[in-house]
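Novice:
In the numbering used here, the protein residues as written are -4 to 227.
#1: Quick one: measure Cβ to Cβ for residue 44 and residue 72, integer angstroms, because I've assumed they're closer than 8 Å.
#2: When the distance is taken between beta carbons, is residue 89 closer than 8 Å to residue 57?
#3: Is residue 220 helix, strand or coil when you go by DSSP?
#4: Looking at the strands, I want to know which residues DSSP matches up with residue 149.
#5: Kindly indicate the opening and closing residues of the beta strand (DSSP E) around residue 1.
#6: Can you say whether residue 78 is buried or exposed, counting buried as having 16 or more other CB atoms within 10 angstroms of its CB?
#7: I'd like to check one pair, residue 104 with residue 12: are the Cβ atoms closer than 8 Å?
#8: Distance, Cα to Cα, residue 138 vs residue 207?
#9: Can you give the Cα-Cα distance for residue 99 and residue 29, rounded to whole angstroms?
#10: By the 10 Å Cβ neighbour count, where 16 or more other Cβ atoms means buried, how is residue 101 classified, buried or exposed?
#11: Please report the straight-line C-alpha distance between residue 201 and residue 164, rounded to a whole angstrom.
#12: Ends of the alpha helix (DSSP H) at residue 194?
#13: Contact criterion: CB-CB distance below 8 Å. Does residue 71 meet it with respect to chain C?
#14: To which residues does DSSP link residue 99 through a beta bridge?
#15: Express the C-alpha separation of residue 25 and residue 205 in angstroms, rounding to a whole number.
#16: Please work out which residues of its chain come closer than 7 Å, Cβ to Cβ, to residue 14, disregarding the five sequence neighbours upstream and downstream, and give them in chain order.
#17: Would you list the one or two residues that DSSP bridges to residue 26?
#18: Assuming residue 179 is part of the alpha helix (DSSP H), what are its boundary residues?
What follows is the structure, given as structure tokens:
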């Protein structure tokens, strides 16, 4: 069954361009020209991914992203933000709200399609061969544990709610304790493509991850990247 992608943009030419090219890739495309309409579609349809412009009438993209990511029903839907804004603040706010990716207009349609493929693959097409070959489905470090199979994280017995990307980041760190990971490596492994943009994406997601787990477990290696230090 084709994945459903909702394209939300008030510029009809951009909306139709994206929709046409995603349709050519075999995706089922839904379209909305403003935030309220998009919210209604998400409530009525099983949407697999949202391409969301920030500058929208009625309900703007940041507000819609905040609403969806704060809802247990919709928070797992990946969002790629698409906007003419290029200010650093907008990027950071979007990522901190839980957006999975950020593309600035003008954009290359091939790059956008590649980003969509990468997010779909990462979220919905998990590689089970690695997990099946593992002796254990659980990685533990002191009071912190991560379950591959159930996609659950606990700290001292308390459940920690993570977004899919935060989970994948933590999983990669815990599987490679004390190994320094550069931002480029993290972008490639977690985002699923060679990222030629702002590595602030990694910094924002790691800051969110750190804020959710009450322990100092990810160390910043100045000028290089990050590493996971095992907890006692």
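Glycine included, each C-beta is placed from N, C-alpha and C at the ideal position.
Specialist: Quick answer:
#1: Numbered from its first residue, the chain shown carries residue 44 at position 49. Numbered from its first residue, the chain shown carries residue 72 at position 77. So it is a contact: roughly 7 Å between Cβ atoms.
#2: Numbered from its first residue, the chain shown carries residue 57 at position 62. Numbered from its first residue, the chain shown carries residue 89 at position 94. For residue 57 and residue 89, yes; Cβs fall inside 8 Å.
#3: Within the chain shown, numbered from 1, the residue matching residue 220 stands at position 225. Residue state, collapsed to three classes: strand.
#4: For the purposes of this step, residue 149 is taken as the residue at position 154 of the chain shown. Answer is 140 and 154.
#5: Here residue 1 is taken as the residue at index 6 of the chain shown, counted from 1. From DSSP, the beta strand (DSSP E) with residue 1 extends over -1 to 3.
#6: Translated into positions along the chain shown, residue 78 becomes position 83. Buried, by the Cβ-count rule.
#7: Mapped onto the chain shown, residue 12 falls at position 17. Mapped onto the chain shown, residue 104 falls at position 109. Yes. Within cutoff.
#8: Position 143 of the chain shown, counted from the first residue, corresponds to residue 138. Position 212 of the chain shown, counted from the first residue, corresponds to residue 207. Answer to the nearest angstrom: the Cα atoms are 14 Å apart.
#9: The residue labelled residue 99 in the question sits at position 104 within the chain shown. The residue labelled residue 29 in the question sits at position 34 within the chain shown. Roughly 18 Å between the two C-alpha positions.
#10: Within the chain shown, residue 101 is the residue found at index 106, counting from 1. Burial call: exposed.
#11: Here residue 201 refers to the residue found at position 206 when the chain shown is read from its first residue. Here residue 164 refers to the residue found at position 169 when the chain shown is read from its first residue. Straight-line Cα distance between these residues: approximately 8 Å.
#12: By 1-based counting over the chain shown, the position of residue 194 is 199. Per DSSP, residue 194 belongs to no alpha helix (DSSP H) and is neither H nor E.
#13: Of the chains in the structure shown, none is chain C; there is only one protein chain.
#14: Working through the chain shown from its first residue, we reach residue 99 at position 104. Paired residues: 78.
#15: The residue you call residue 205 lines up with position 210 of the chain shown. The residue you call residue 25 lines up with position 30 of the chain shown. Distance between the alpha carbons of residue 205 and residue 25 is about 35 Å.
#16: Numbered from its first residue, the chain shown carries residue 14 at position 19. 2, 24 and 26, listed in sequence order.
#17: On the chain shown, position 31 is the one that residue 26 refers to. DSSP lists 2 as partners of residue 26.
#18: Here residue 179 refers to the residue found at position 184 when the chain shown is read from its first residue. Where residue 179 is concerned, the enclosing alpha helix (DSSP H) stretches over 178 to 181.
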